[in-house]
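Novice: Please read through the structure below; I'll follow up with questions.
Residue numbers (the UniProt record's numbering): 1 to 718.
Structure below.
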């Protein structure tokens, strides 16, 4: 008779019972008929949002989930396209792809970062909502995800919404199932071509799994079986715990998969129980850098329901300690950390920072939080006392004011963590304030929407208004710590009043509460960066709330008001008002039109006469552009800089290929901007680079080589 260790059964029968919530009718949720107008749907949602808001239903444990349900219903029904899809397919079938606790919806923006994660394998369904076979497979995929939860990640990609991603991966039919090993390449997904039953899919996945909670072994030698356990024939399944100096053998009394799993889980070592004193000791060690980070599970009652997660986590999160905090026995500790529901997960980081998890209590989400949270040692959960200390000290902090029930907040927090990786604590620190817990503080600070991200730096406060993604957050922090836009107030406005003739000033008069002003802010900073190569240009802002008298004196009546004080004028004597689009490209096009240039504007006739019909001593550098081309607008200040740096060595010109389309076509110019260096009517070089320093270097090199090749016998202009 064969003797199997329990690991075989753990891997094969790793099952979690999940009960999906009954599908809701979105129309019934909002209390409207199926033929309701968009206006009626919006009105019904507003009434329900006021009535069911979590802040007004604090005693209802289901307040958060109820509110999210009506938000989800409104998001679907308010848009004609999503409403049409819902009317056709309802809330069943493929809706699992976007609203299942164990199926992860992947998109172009996050597919690669998830698939390339070396800590987990993935099984991904590429589908189309219009595919009949995809709808038939929906319940099978849901059940598979539930049964393999904790073994691998199960994902889905809607190829109607993310066609470029599916095309890039050569997805040509639906559904297409790809299996990605850990540490696999993006294009190394293995296609599954077997039966689409839960059993067949599960067998395929389990054949790929090479690791579990413990090692796997099998003994076929009956003599060896007898030596190990005399009762092996009656109890052929055993759990063998082998330590350094001792081992213990436990017979498994049952052959039922779930009971085997429970029996083995109970025999695995429990995480350490953390009390108040132990917590303080751990935090002290972390502040001194003498301890690995800790993932803490705060719970009430017994931890029996958490056993599976708790004992699987060490294999998923290495170099992170795991602890249990019983909030009945350590009520003071849980209260000081603002733990309000159970279970709640938190990370105690190297350096002493602490952060709570606000996502789902799903194994891999908790593991991902532990990994990401422990790395973001520069991100702290703040109390009112912490916040006022920040303000009093005047050190730079970026603070995210949020409410956990708000869906956009859940998308921002991971981005904030990644942004915090970019800075050390000496430069800036990152914090979060939960406005459901610290409502009074949030009200005093004027926080009226979530998430609101503010940068505090001494007496200055700046509101973040860009896209809440890591690149934009990092760019915002860099701009605020090293401002390129000059902030004018009543004390230094004299700089503008005494503006000399050789300076040009562009000034944004704004109010912090003004929505259009907030949207302009990142574009204004972008403008300042892009024209920074012109030393005569100054880009500034005036806060008209903090400097109301100043703005009144300048007759500012609306926000934002953008004014330009041009070259050739002193002080405020001459002003131009901007009324165009408030994006950096449009603003730069307008500003540059006020600057003199060494670049000569050519018509086709000019070009033929100056360049194509005679020899010249100084070569011509020509920019072929189109006024509608964004790259051309960005390139114009670069080309002006080139003209200035090469003055006396080449002559520079530009030609509008929209106005001279036939001529540019005859010159075989097929893209904009195109830069050509003409040595003679018969010889020219195309400059591929668009950076001013590289263009200057290439032009100098080619001119030098040309003159060396031809000597100094080139003719001056006729």
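Quick reminder that beta carbons are idealized off the backbone N, C-alpha and C, glycines included.
Quick one: what's got a C-beta closer than 7 Å to residue 544's C-beta in the same chain, skipping five residues either side?
Specialist: Correct list, in chain order: 509, 510, 511, 551, 556 and 559.
Novice: When you compare each of 399, 372 and 425 to residue 351 by their alpha carbons, which one comes out closest?
Specialist: 425
Novice: Mind checking whether residue 541 and residue 481 have CB atoms under 8 Å apart?
Specialist: no
Novice: Assign residue 251 to one of three DSSP states: helix, strand, or coil.
Specialist: strand
Novice: Can you check DSSP and say which residues form a bridge with residue 439?
Specialist: For residue 439, which the question treats as bridged, DSSP gives no partner whatsoever.
Novice: Helix, strand or coil: how does DSSP classify residue 665 here?
Specialist: Three-state DSSP puts residue 665 in a helix.
Novice: Could you say which of 298, 73, 164 and 202 lies nearest to residue 108 if we only look at CA atoms?
Specialist: If you compare the alpha carbons of 298, 73, 164 and 202 with that of residue 108, the shortest gap goes to 164.
Novice: Quick check on residue 175: does DSSP put it in helix, strand or coil?
Specialist: coil
Novice: For residue 686, count the other beta carbons within 10 Å of its own beta carbon; 16 or more makes it buried, fewer makes it exposed. Which is it?
Specialist: Exposed is the call here.
Novice: Quick one: is residue 301 buried, meaning 16 or more other Cβ sit within 10 Å of its Cβ, or exposed?
Specialist: Within a 10 Å sphere around the beta-carbon of residue 301 sit fewer than 16 other beta-carbons, which makes this residue exposed.
Novice: Taking the beta carbon of residue 25 as the centre, do at least 16 other beta carbons fall within 10 Å, making it buried, or is it exposed?
Specialist: exposed
Novice: Cα separation between residue 708 and residue 702?
Specialist: 10 Å
Novice: Is it the case that the Cβ atoms of residue 155 and residue 106 are separated by a distance below 8 Å?
Specialist: yes
Novice: Between which two residues does the beta strand (DSSP E) harbouring residue 528 extend?
Specialist: Premise fails: residue 528 lies in the alpha helix (DSSP H), 515-530, not in any beta strand (DSSP E).
Novice: Does residue 462 pass the burial test, meaning 16 or more other C-beta atoms within 10 Å, or should it be called exposed?
Specialist: buried
Novice: Going by other Cβ atoms of all chains shown within 10 Å of its Cβ, with 16 needed for buried, is residue 577 buried or exposed?
Specialist: exposed
Novice: Touching or not, the segment 120-132 and the segment 68-79, by the rule of three or more beta carbon pairs under 8 Å?
Specialist: No: fewer than three Cβ pairs fall under 8 Å.
Novice: Considering only residues of the same chain and omitting the five flanking positions on each side of residue 68, which have a CB-CB separation below 8 Å?
Specialist: Scanning its chain for C-beta atoms nearer than 8 Å, with the 5 sequence neighbours on each side dropped, one finds around residue 68 the residues 405 and 407, in chain order.
Novice: Roughly how many angstroms separate the alpha carbons of residue 493 and residue 485, rounded to a whole number?
Specialist: Near 14 Å, if we compare the C-alpha coordinates of residue 485 and residue 493.
Novice: Tell me the DSSP bridge mates of residue 190?
Specialist: 179
Novice: On the three-state DSSP scale, how would you describe residue 321?
Specialist: Strand at residue 321.
Novice: Exposed or buried, what is residue 178 when buried is set at 16 or more other beta-carbons lying within 10 Å of its beta-carbon?
Specialist: buried
Novice: Decide if the segment 361-376 is in contact with the segment 388-402; the criterion is three or more beta carbon pairs, one per stretch, under 8 Å apart.
Specialist: no
Novice: Around the C-beta of residue 654, are 16 or more other C-beta atoms found within 10 angstroms, so that it is buried, or is it exposed?
Specialist: buried
Novice: Mapping DSSP to helix, strand and coil, what is residue 715?
Specialist: Bear in mind that a pLDDT of 41 at residue 715, under 50, signals an unreliable position, so the number given afterwards is only what the model happens to contain. Coil at residue 715, not helix or strand.
Novice: Given residue 93, which residues of its chain have a CB within under 7 Å of its CB, disregarding the five upstream and five downstream residues?
Specialist: With a pLDDT of 47 at residue 93, under the threshold of 50, the modelled position of that residue is not reliable, and the figure given next carries that caveat. Same-chain partners within the cutoff: 135 and 138.
Novice: Relative to the C-alpha of residue 130, which residue among 142, 148 and 158 is closest?
Specialist: 158
Novice: Less than 8 Å between C-beta atoms, sequence neighbours within five positions excluded: which residues of the same chain meet that for residue 345?
Specialist: 295, 296, 297, 298, 356, 357, 361, 366, 369 and 370
Novice: Just confirm the distance between the C-beta atoms of residue 133 and residue 174, as a whole number of angstroms; I'd bet it's less than 8 Å.
Specialist: 7 Å
Novice: Given a cut-off of 8 Å, decide if residue 169 and residue 205 are closer than it, judged by their beta-carbon atoms.
Specialist: no
Novice: Would you call the CB atoms of residue 450 and residue 401 closer than 8 Å?
Specialist: yes
Novice: Sorted by chain position, which residues of the same chain lie with C-beta nearer than 6 Å to residue 639's C-beta, five sequence neighbours on each side aside?
Specialist: 623
Novice: Less than 8 Å between C-beta atoms, sequence neighbours within five positions excluded: which residues of the same chain meet that for residue 549?
Specialist: The residues are 490.
Novice: Considering only the beta carbon of each residue, do residue 658 and residue 627 sit closer than 8 Å?
Specialist: yes
Novice: From residue 604 to residue 664, what does the alpha carbon distance come to, in whole angstroms?
Specialist: Those two C-alpha atoms are separated by around 8 Å.
Novice: What is the rounded straight-line gap between the Cα of residue 200 and the Cα of residue 144?
Specialist: The alpha-carbon atoms of residue 200 and residue 144 are separated by roughly 10 Å.
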